[in-house]
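Residue numbers (my numbering), protein chains in the order written: chain A, 971 to 1422; chain B, 84 to 452. Ideal Cβ placement from N, Cα and C applies to all residues, glycine included. Structure first, then comments.
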C-alpha cells in the first residue's frame, strides 16, 4: 500500500485548507431535436445551476429521483462530459476561492489587469475545463468513477487483471511482474484474491464485479471517487458488504467520495453532508443528521415519508400527488410546486398548471382547442365552443381546482370561445443559506418567505 | 439439473397479502411463475408438488380446489389473466411497445369477457361478430367488419370494449383515461406504465394477484403511490396478493404475512409482526441486520458473508449452511424440517429442534432488534 501512495507524487497533504471539488453554478443542457433536419427545439436542463464544495476526506451524498440530474452531475464532475455553463474547480484553496468570489463579483469590463491575470492563473490551474498538460493529468488520475452497472462498465472480453491493471499501464506505473503484484494487492484490498485475476467479468457475481470496479478506481490511488449508485443493483446483504468496504477504504486511504444514490437509507449511512436534487437543481443541502432529522424542504420531507423504514414502529408510506413535470420545460418559480403538499399561491403557478388540470378532466379537455401563450404566466385558452369555455370557467370557480391555484389566478376573463388567464410572474426560487451551514430552496424557510 | 424451487409449501389465504422475500436467484420469481405455469417446459420440469387453487367461483358452486400443475392447457388459459393475474417487475418491458394502451388492455376483455360483452350487445350475434369478440378474426373478416351490414355491430362492440377499458383505467386513478388509451407505452412515465399494468391485471377482478417486484423500477414517491393504490384496490375487490420483493422494509409496510425464501426453499414464515419483531432463522436475521438504518454506524453494517449457492443437484443439507455463522455438522448433512415456533410462525432451522437427542444442534444468540 505504501508503495502505491509513494507512486502518486502529485498528492498534497490532506490538511491544506481547500476543497477537492468546487462547483459554481454548474449547468448541463441536452438539446431536444425534432424533425428530419434535427432542428434543436429546446433543451433538457439536466443540471441547472448547482453549486457546492466537496472537502478532503468527506463524503457528500447526492440524492434525488431518477431524472433529477444526479448522474449527469457526477459525469460533469468526473470530466466525462462537458458542462454547458458554470465552473468546476479541482483542488481550489480557500484563499483562491475567496479571491475568485471577489473577482467574479466585478463585471468583466471593470476588472483591473491584475485581477484578470489572477483569474487566469486560478482558472488555468484549477478549473477542470481549462486544465492542460500536467495539471489535467493530475486531475484525471485523482478523480475516478465507480459506475452503477458493473456489468456494462467492465469490458467483457478482458481479464480482471487487464481491467484493473489498465490504468497502471496507461500511466506507465508498472509493467510485467510488478504490474501483476500491484493488481493482486489491489484485488486484496477490495476483498478478492489472486485466483480471481485470470477470470472474465461474467464469471463473477454482482457484488464481486462491483469490487473489481472499485479496485480499478483505486488503481492510481486517487484522491476523489465519484460513486454513482454503486449498490443499487445489489441485494441488501451484498450491499452491506460493499458499503463497509467503501468506508474501510475511505478511512485507510483518506479518500473523498461523492456518493450518488436514490436510496435514502444508504445515503444517510454513508454521507457527511447531503444535497437533495430535484429537476436539475439542489432543493436542500445540509449535514446528514440535520437533513434527516429536521428537513427544511417539502421535497426532502416527501422523500422521507415515502421511504419505507424497517425500524419504524408505525407503518405508513406517503406518496406524492400531482404532475411530474417535463424537464424540457421545468416549472416556473419553485420547480417542486406541481407536486408540493404545502404549496402556496406565490410558488410559481403558471399556465401549464391550469392546462394540466384541464387535461385531467375528460369533458373539459375535449373542449380545449388551443393555448395561445404570451408568457408562461399569461395565456389565452381557446375552446371549440362557447359552452365549453363557459363550463371551463365555471369549473375553475366552483370545481375541484386546488384552492391554492385558484387564489394564485390573478385574472380570468371570457370573450366568446376564448378565456384569458393570468398568474402573477414569480422569479425562480434559488438556494438560500438559512444559517448553520444549511441551504434550502423553499420560500417557507427562507427570507423571501418571511416577507410574505 | 438446477433445483430452482425445491419443496416449497405455503398458503395464501383469502384477501390477505403474503410477502415472499429473499435475495436474487433464490427462486422467488420461479415460484410465482409456477402458479400460472409461466415457466417454459422444456427446459423447465415440474418435478413434483401441487399448486392448489380454490377460486371464488369454485367455492360458490361448492367445488373443491384444483391443482394448477395438472389441469389441461386451455383451462390454464382461462384462469391465467382472469382468476390469477400478474404484475411484472419492469413496466417498460412488460407492455408491448407496438400496441396502444387501449389494445393492450382490451385484449384481456376479448380473451376472458367476450361472452359477457356479446350478451350486453343483444340476444343474438352473427358468427363474424362472435369471432371478433374473441379476437379470432382473420384479415378478410376484419375487412368484412368494415362493410355496412356488420359495421354498426362492430362499432358497438368496439365502443363497449372501450368503455370497459376506460373503466379499468379510471379504477387505477388515471385521470382522463380516454387520452391515455390512445397513447403508446413509450409516451408514458414509469409510474403511469405500472398503473396500466395494474389496470390490466385487475381488469377481470382476479382472486389472486401476483405482484413480482412491481415497484423496483420506480422512484420512492411514485412507489408509495402505487402501493397505496394496490392496497386500496385489494381491499375493495377482496383480492389476495402474493407480493414478491427483495426489499424487507417494503414488505414490512404492506404485507400481512411473510415467507422468507432462500436457495429454493422457504426458511421462515409467519405474520409480519412476528417475523419482523422476532426473526428466528439466521438468514432472516442476517437480511434484517443488513438494511441500513439510522441506528447503524458507518462501516459497521452487518452483512451475510458469501453468496447464494448454486443449486445444481444439491445434497441434503440446510442450504444456508455455507453462509451461516452458527452452522454445525448436522446442518451440512441433513435437510432441516419446518418447525412451528410461536403462534403462526414456523422456521426450518435445527436450532429449534428439541434438544433431547445426542446430536449437536446449532445454538443461536438471542435476537436484539
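Going by the CB atoms, is the gap between residue j and residue i shorter than 7 Å?
{"i": "residue 1049 of chain A", "j": "residue 997 of chain A", "result": "no"}
{"i": "residue 379 of chain B", "j": "residue 1239 of chain A", "result": "yes"}
{"i": "residue 431 of chain B", "j": "residue 394 of chain B", "result": "no"}
{"i": "residue 1316 of chain A", "j": "residue 1268 of chain A", "result": "no"}
{"i": "residue 304 of chain B", "j": "residue 1272 of chain A", "result": "yes"}
{"i": "residue 290 of chain B", "j": "residue 96 of chain B", "result": "no"}
{"i": "residue 1241 of chain A", "j": "residue 1180 of chain A", "result": "no"}
{"i": "residue 1365 of chain A", "j": "residue 1337 of chain A", "result": "no"}
{"i": "residue 1226 of chain A", "j": "residue 1044 of chain A", "result": "no"}
{"i": "residue 433 of chain B", "j": "residue 423 of chain B", "result": "no"}
{"i": "residue 993 of chain A", "j": "residue 1058 of chain A", "result": "yes"}
{"i": "residue 1318 of chain A", "j": "residue 1356 of chain A", "result": "no"}
{"i": "residue 1198 of chain A", "j": "residue 1041 of chain A", "result": "yes"}
{"i": "residue 1286 of chain A", "j": "residue 1015 of chain A", "result": "no"}
{"i": "residue 1276 of chain A", "j": "residue 1289 of chain A", "result": "yes"}
{"i": "residue 1307 of chain A", "j": "residue 1300 of chain A", "result": "no"}
{"i": "residue 388 of chain B", "j": "residue 406 of chain B", "result": "yes"}
{"i": "residue 211 of chain B", "j": "residue 192 of chain B", "result": "no"}
{"i": "residue 1384 of chain A", "j": "residue 1363 of chain A", "result": "yes"}
{"i": "residue 1353 of chain A", "j": "residue 1333 of chain A", "result": "no"}
{"i": "residue 298 of chain B", "j": "residue 309 of chain B", "result": "yes"}
{"i": "residue 1205 of chain A", "j": "residue 367 of chain B", "result": "no"}
Kindly indicate which residue of the options has the alpha-carbon position closest to the one of residue i.
{"i": "residue 163 of chain B", "options": "B:124, B:172, B:173, B:151", "result": "B:151"}
{"i": "residue 1237 of chain A", "options": "A:1009, A:1274, A:1321", "result": "A:1274"}
{"i": "residue 319 of chain B", "options": "B:387, B:413, B:278, B:254", "result": "B:254"}
{"i": "residue 156 of chain B", "options": "B:121, B:274, B:339, B:251", "result": "B:121"}
{"i": "residue 1177 of chain A", "options": "A:1196, A:1193, A:1151, A:1214", "result": "A:1214"}
Kindly say whether residue i, judged by its beta-carbon, lies nearer than 7 Å to any beta-carbon of chain A.
{"i": "residue 393 of chain B", "result": "no"}
{"i": "residue 335 of chain B", "result": "yes"}
{"i": "residue 102 of chain B", "result": "no"}
{"i": "residue 390 of chain B", "result": "yes"}
{"i": "residue 404 of chain B", "result": "no"}
{"i": "residue 329 of chain B", "result": "yes"}
{"i": "residue 374 of chain B", "result": "yes"}
{"i": "residue 281 of chain B", "result": "no"}
{"i": "residue 354 of chain B", "result": "no"}
{"i": "residue 250 of chain B", "result": "no"}
{"i": "residue 332 of chain B", "result": "yes"}
{"i": "residue 351 of chain B", "result": "no"}
{"i": "residue 242 of chain B", "result": "no"}
Can you look up residue i in the DSSP assignment and give me helix, strand or coil?
{"i": "residue 411 of chain B", "result": "coil"}
{"i": "residue 438 of chain B", "result": "coil"}
{"i": "residue 1281 of chain A", "result": "coil"}
{"i": "residue 1295 of chain A", "result": "coil"}
{"i": "residue 398 of chain B", "result": "coil"}
{"i": "residue 1370 of chain A", "result": "coil"}
{"i": "residue 429 of chain B", "result": "strand"}
{"i": "residue 360 of chain B", "result": "helix"}
{"i": "residue 1386 of chain A", "result": "coil"}
{"i": "residue 1491 of chain A", "result": "Because chain A is modelled from 971 through 1422, residue 1491 of chain A falls outside the range shown and cannot be assessed."}
{"i": "residue 118 of chain B", "result": "helix"}
{"i": "residue 100 of chain B", "result": "strand"}
Determine, for residue i, whether the minimum Cβ-Cβ distance to residues of chain B falls below 7 Å.
{"i": "residue 1278 of chain A", "result": "yes"}
{"i": "residue 1124 of chain A", "result": "no"}
{"i": "residue 1227 of chain A", "result": "no"}
{"i": "residue 1420 of chain A", "result": "Confidence at residue 1420 of chain A is low in this model, with a pLDDT of 49, below 50, so its placement is unreliable and the value that follows should be read with caution. Not closer than 7 Å to any Cβ of chain B, the Cβ of residue 1420 of chain A fails to qualify, so no."}
{"i": "residue 1287 of chain A", "result": "yes"}
{"i": "residue 975 of chain A", "result": "Annotation note: pLDDT 45 at residue 975 of chain A (below 50); position unreliable, coordinate value reported separately. It does not: the Cβ of residue 975 of chain A has no partner Cβ on chain B nearer than 7 Å."}
{"i": "residue 1363 of chain A", "result": "no"}
{"i": "residue 1328 of chain A", "result": "no"}
{"i": "residue 1335 of chain A", "result": "yes"}
On the DSSP bridge list, what partners appear for residue i?
{"i": "residue 1245 of chain A", "result": "A:1032, A:1255"}
{"i": "residue 1330 of chain A", "result": "Paired residues: none, contrary to the question."}
{"i": "residue 1013 of chain A", "result": "A:1001"}
{"i": "residue 423 of chain B", "result": "B:429"}
{"i": "residue 1229 of chain A", "result": "A:1031, A:1197"}
{"i": "residue 1114 of chain A", "result": "A:1195"}
{"i": "residue 989 of chain A", "result": "A:1062"}
Examine chain D for any beta-carbon lying closer than 7 Å to the beta-carbon of residue i, and answer yes or no.
{"i": "residue 1207 of chain A", "result": "Among the protein chains in the structure shown, which are A and B, there is no chain D."}
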